[in-house]
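Engineer: Quick one: this structure, given as structure tokens, is what I'll be asking you about.
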Amino acid sequence: MTSASIARVLIDSPLPQLDHPFDFRIPPELAGVALPGVRVVVPWRSLKNGAAGYIVEVTSDAEFSGKLSDLGEVVSPARVLTPEVWALARRAADRAAGSANGILRLAIPGRQVRVERAWIAEHEERGADVAPETPQVSAVPITGYPDTLAAALAAHERIALDALPGVLPGPQEAPVGRWAITLAEAALDRYAAGESAILVVPDYRDLDQLLLALEDRVPIVDILRMDAKQPNPDRYRAFLAALEPRPRIIIGNRSAVYAPAHNLGLIALWNDGDPLHAEPLAPYVHARDAALIRQEQSGAALVFASHSRSVETQRLVEMGFVRPLDPQPRQRPKIIVTEQQDQGEGPAAAVRIPSAAWRTIAESVKEGPVLVQVARPGYAPMLSCKRCGDAARCTACHGPLGIPARGAAPACTLCGHLAAGWVCATCEGTEFRLVTRGTGRTAEELGRAFPATTVIVADGEKTVLTVPDRPALIVATRGAEPIAHGGYRAVLLLDGDRMLAAESLSIASDCLRWWSHAAALAAPGATVLLVGVGGELARAFATWNQAEFASAELIDRKALRFPPAVRLATITGQDDAIRDVLTSLQGLPPGDILGPVPVIQEETGRPSGESRAVVRFDFAAGTRVATELRAAVIEYATKRRAPRAGARPARPAPTLKVRFDDPEIRL
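Dropping the structure here:
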């Protein structure tokens, strides 16, 4: 072979056995365009039109000793897979025992031909390697933090940043959270130094905040938004712009952590404990883990910012891997815990508000908006039997019954089956009792208690992003709280006891995070009231010392060998396949192999025919465990079972699915 005449191509396929580069000969007519990173089509025996893929390397040394097939076609000259992103995808997939293709589907948007052709034509007009002139921008101080923060960013350190609570006026007097101002100033610091920044946030609400914070500070052409809610052409246009040799500020949700970036100088994750940062598709790599890998590979600064530090970040802090940094002077909201107070009288009792909290709300709502956070959306999301108190269940699927709206008939919250003629399976009672009140019922009760005050509902069904600075009661679910101009005059956190009753390993940390982010929306000096919660959790919230609570949680999890003190791998498949895999994992303590047990279907309560096992292991053993489990997945993906006697076709291969670092432990 002549010099650089072999293309190594990663085939775009979900099959785990194809998750490695294949060698193809580059024919002379493609020698100038078959470059690393371009999309190609290669001949494939089982596919009439060939297989799509990416060239990941061009070399003169073939790993295959036989005769090589010729590369079929170069789809486009755009080099959409950069070496940095390919290395990141490969490393992250290997760590999670998954396929790099699963990550590349997140990292590279689907091709939009018109957008791509316009981008290529623009490049050809000015020269492929010539980027538009970058405007000169001066860095600004990062407000509320010591100069050591800017020095740490310049030195490309890893930082756990406690965010400042509060709301400030942004462009055109739009309200902006102070956390967004901080991240924007950090990104501007690196942008002024000629480096790119990637800012990753959980959802579109946070993206809108970042855009407002960056507006008028950075040229709009250098702010690239990569959001799953964008139209495909817009997202692909932003992706192609990120390929240019020019510093940019890239903002987006969890997939933005894989965005190409020229001279990357900062990766920042806002609220890394939010479950929206967890990828629901294989190989299930959390944005936090991808950011840690990318920081190690690129040497950029890394910032984990939040109002409530996650247990995972606290572990990195206590290891000395991440440096904690607080604002100076340290600020905290005025928080009152009302667990021991009475539940009020009259209208206050109807909406489960203690007397002192009721008086605070009544006074505060005269001055401006007041936030009331509740646990669940809807009207009455959960019912029970009035006679015996057992949860009311659907007769069709055994799901919980609820009332979706005022005046509506009780119905199943899972399948929608109406509970007409319902009879309790325990005591044969026929009447319901409300167990929880959602946003709709709470808003109705508050409306009766405050007849002259506007009541606004904000939840997953009714999106409200901002509210004006005038008297109103805002009833919102966690995470859906609007931002008030000037901040809320009071914040009331209801249903804390019900939130804590959820079956989740991280529920205490989650509640602290939900309450902290709601409290951060209060105006300076406004009162934040937490109802129905006491103990160490309430103390950590009231003293605004979330890091101390995260440290205590980490100590408990170390004692129990729960994540993030250890890593987990969940193995799901047929029982014999799982037992074979567990046998191959030599050297793990017997207590760290849990199961296998049958998988129960949530809808029917019956066995699904599969089993599940959970393997716990130390971080040092991660590479070995991932390698062995990946090999087992490939083995079972290529295995064929012999047919049963009297049956013609071979039985399908036994399935085997592996998920690392599942946020919820289920057996």
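7 is the number of the first residue of the sequence shown in the numbering used here; add one for each residue after it.
Ideal placement from N, C-alpha and C gives every residue a C-beta, glycine not left out.
#1: In the DSSP output, what is L506 paired with across the bridge?
#2: Pop quiz: A84 and I126 are said to be a contact at Cβ under 8 Å. What is the actual Cβ separation, rounded to whole angstroms?
#3: Have a look at L216, I462, S105 and flag the residue whose alpha-carbon is nearest the alpha-carbon of P289.
#4: Which ranges does the beta strand (DSSP E) cover as unbroken runs of at least 3 residues, wholly within the segment 140-183, from first to last along the chain?
#5: Check the C-beta distance from D233 over to L213 and give it rounded, since I have them as a contact under 8 Å.
#6: If you run the structure through DSSP and keep just helix, strand and coil, what is V380?
#7: Am I right that V263 and A297 are in contact with their C-beta atoms under 8 Å? What's the rounded C-beta distance?
#8: Taking its Cβ as the centre, do 16 or more other Cβ atoms sit within 10 Å of R519, making it buried, or is it exposed?
#9: If you draw a straight line from the alpha carbon of V497 to that of L205, how long is it in whole angstroms?
#10: What is the rounded straight-line gap between the Cα of R585 and the Cα of P27?
#11: Does DSSP put S390 in a helix, in a strand, or in coil?
#12: What are the boundary residues of the alpha helix (DSSP H) that V91 is part of?
#13: Between the C-alpha atoms of P20 and D503, what's the straight-line distance to the nearest angstrom?
#14: With C-beta atoms as the reference, is T674 less than 7 Å away from A368?
#15: Can you grab the Cα-Cα spacing for the pair A637 / A103, in whole Å?
#16: For P333, collect the residues of the same chain with a Cβ closer than 7 Å to its Cβ; drop the 5 residues on either side in sequence, then sort them by chain order.
#17: Give the C-beta separation of E613 and I606 to the nearest angstrom, bearing in mind that I take them to be a contact with Cβ-Cβ under 8 Å.
#18: Whole angstroms are fine: how far does the CA of V537 sit from the CA of Q347?
#19: Helix, strand or coil for P596 per DSSP?
#20: Using the three-state DSSP reduction, which class does E554 fall into: helix, strand or coil?
#21: By Cβ distance, which residues of its chain are closer than 6 Å to V550, with the 5 residues on each side in sequence left out?
#22: Looking at T459 and L479, is the spacing between their C-beta atoms short of 7 Å?
#23: Would you kindly report the start and end of the unbroken alpha helix (DSSP H) that includes A524?
#24: Exposed or buried, what is T661 when buried is set at 16 or more other beta-carbons lying within 10 Å of its beta-carbon?
#25: For L420, which residues of its own chain have a beta-carbon under 8 Å away from its beta-carbon, when the five flanking residues on both sides are left out?
#26: With a 10 Å radius around its C-beta and 16 neighbouring C-beta atoms as the bar for buried, classify V323 as buried or exposed.
#27: By Cβ distance below 6 Å, which residues in the same chain neighbour P22 in space, the five residues on each side in sequence not counted?
#28: Does the beta-carbon of S52 have 16 or more other beta-carbons within 10 angstroms, so that it is buried, or is it exposed?
#29: Is Q347 helix, strand or coil when you go by DSSP?
#30: Select from V481, L566, A198, R545 the residue whose C-alpha is nearest the C-alpha of V342.
#31: Grouping DSSP H, G and I as helix and E and B as strand, with all else coil, what is D212?
#32: Since I367 is in the beta strand (DSSP E), which residue starts that stretch and which ends it?
#33: Locate the alpha helix (DSSP H) running through G446, then write down its first and last residues.
#34: In chain order, what residues of the same chain have a beta carbon less than 7 Å from the beta carbon of V91, not counting five sequence neighbours either side?
Structural biologist: In this structure, then:
#1: In the sequence shown, counting from the first residue as 1, residue 506 sits at position 500. Paired residue(s): none; L506 is not in a bridge.
#2: For the purposes of this step, residue 84 is taken as the residue at position 78 of the sequence shown. For the purposes of this step, residue 126 is taken as the residue at position 120 of the sequence shown. Rounded, the Cβ-Cβ distance is 6 Å, consistent with contact.
#3: Here residue 289 is taken as the residue at index 283 of the sequence shown, counted from 1. The shortest Cα separation from P289 among L216, I462, S105 belongs to S105.
#4: 164-168, 173-175, 181-183
#5: As a working mapping, residue 233 is identified with position 227 in the sequence shown. As a working mapping, residue 213 is identified with position 207 in the sequence shown. Contact flag correct, Cβ pair sits at about 6 Å.
#6: On the sequence shown, position 374 is the one that residue 380 refers to. Reduced to three states, the DSSP call for V380 is strand.
#7: Position 257 of the sequence shown holds residue 263. Position 291 of the sequence shown holds residue 297. Confirmed, about 5 Å.
#8: Counted from its first residue, the sequence shown places residue 519 at position 513. Classification of R519: buried, given that the 10 Å Cβ count is 16 or more.
#9: The residue you call residue 497 lines up with position 491 of the sequence shown. The residue you call residue 205 lines up with position 199 of the sequence shown. For V497 and L205, the distance between alpha carbons rounds to 28 Å.
#10: Within the sequence shown, residue 585 is the residue found at index 579, counting from 1. Within the sequence shown, residue 27 is the residue found at index 21, counting from 1. Their backbone Cα atoms lie some 31 Å apart in a straight line.
#11: As a first step, residue 390 is located in the sequence shown; it is residue number 384 there, counting from the start. Strand.
#12: What you label residue 91 is simply residue 85 of the sequence shown in a count that begins at 1. Segment 89-101, the alpha helix (DSSP H) holding V91.
#13: For the purposes of this step, residue 20 is taken as the residue at position 14 of the sequence shown. For the purposes of this step, residue 503 is taken as the residue at position 497 of the sequence shown. So the two alpha carbons sit approximately 43 Å from each other.
#14: An answer regarding residue 674 cannot be provided, because it is not within the stretch 7 to 673 covered by the chain.
#15: Taking the first residue of the sequence shown as position 1, residue 637 is located at position 631. Taking the first residue of the sequence shown as position 1, residue 103 is located at position 97. About 9 Å.
#16: Here residue 333 refers to the residue found at position 327 when the sequence shown is read from its first residue. Excluding positions up to five away in sequence, the list reads G150, Y151, D168, L170.
#17: As a position in the sequence shown, residue 613 is number 607, starting the count at 1. As a position in the sequence shown, residue 606 is number 600, starting the count at 1. Residue 613 is actually Pro in this sequence, not Glu. That pair is a contact at about 6 Å.
#18: The residue you call residue 347 lines up with position 341 of the sequence shown. The residue you call residue 537 lines up with position 531 of the sequence shown. Reliability fails at Q347, whose pLDDT of 49 lies under 50, so the model's placement of it is uncertain and the value that follows must be treated cautiously. The alpha-carbon atoms of Q347 and V537 are separated by roughly 9 Å.
#19: Walking along the sequence shown from the start, residue 596 turns up at place 590. Helix, per DSSP.
#20: Translated into positions along the sequence shown, residue 554 becomes position 548. Of the three classes helix, strand and coil, the one that applies to E554 here is helix, per DSSP.
#21: Residue 550 sits at position 544 when you count from the first residue of the sequence shown. A quick correction: the sequence has Trp, not Val, at residue 550. Closer than 6 Å at Cβ, skipping near neighbours: R338.
#22: For the purposes of this step, residue 479 is taken as residue 473 along the sequence shown, with counting starting at 1. For the purposes of this step, residue 459 is taken as residue 453 along the sequence shown, with counting starting at 1. Cβ distance < 7 Å, so L479 and T459 count as in contact.
#23: Here residue 524 corresponds to residue number 518 of the sequence shown, with the count starting at 1. Per DSSP, A524 belongs to the alpha helix (DSSP H) from 513-525.
#24: For this step, residue 661 is matched to residue 655 along the sequence shown. T661 is exposed by the Cβ-count criterion.
#25: To locate residue 420, count along the sequence shown from 1; it is residue 414. Only C400, C403, G405, P406, E609 meet the Cβ criterion.
#26: Counting from 1 along the sequence shown, the entry for residue 323 is found at position 317. So V323 counts as buried.
#27: For the purposes of this step, residue 22 is taken as the residue at position 16 of the sequence shown. Hits under 6 Å: S105, V639, I640, A643.
#28: Counting from 1 along the sequence shown, the entry for residue 52 is found at position 46. With fewer than 16 other Cβ atoms within 10 Å, it is exposed.
#29: If you number the sequence shown from 1, residue 347 lands on position 341. Legend: pLDDT at Q347 = 49, less than 50; position of this residue unreliable, value from coordinates given subsequently. Q347: coil per DSSP, three-state reduction.
#30: Here the question's residue 342 lines up with position 336 in the sequence shown. Note on identity: in this sequence residue 342 is Ile, with Val being the wrong assignment. If we check each option's Cα against that of I342, R545 comes out closest.
#31: Locating residue 212 in the sequence shown gives position 206, where the first residue counts as 1. Three-state DSSP puts D212 in a helix.
#32: Reading the sequence shown from its first residue, position 361 is the one you call residue 367. Careful: I367 lies outside any beta strand (DSSP E), inside the alpha helix (DSSP H) at 361-370.
#33: Translated into the one-based positions of the sequence shown, residue 446 becomes position 440. First-last of the alpha helix (DSSP H) with G446: 445-455.
#34: Residue 91 sits at position 85 when you count from the first residue of the sequence shown. Taken in chain order, the residues that qualify are A113, Y264, P266.
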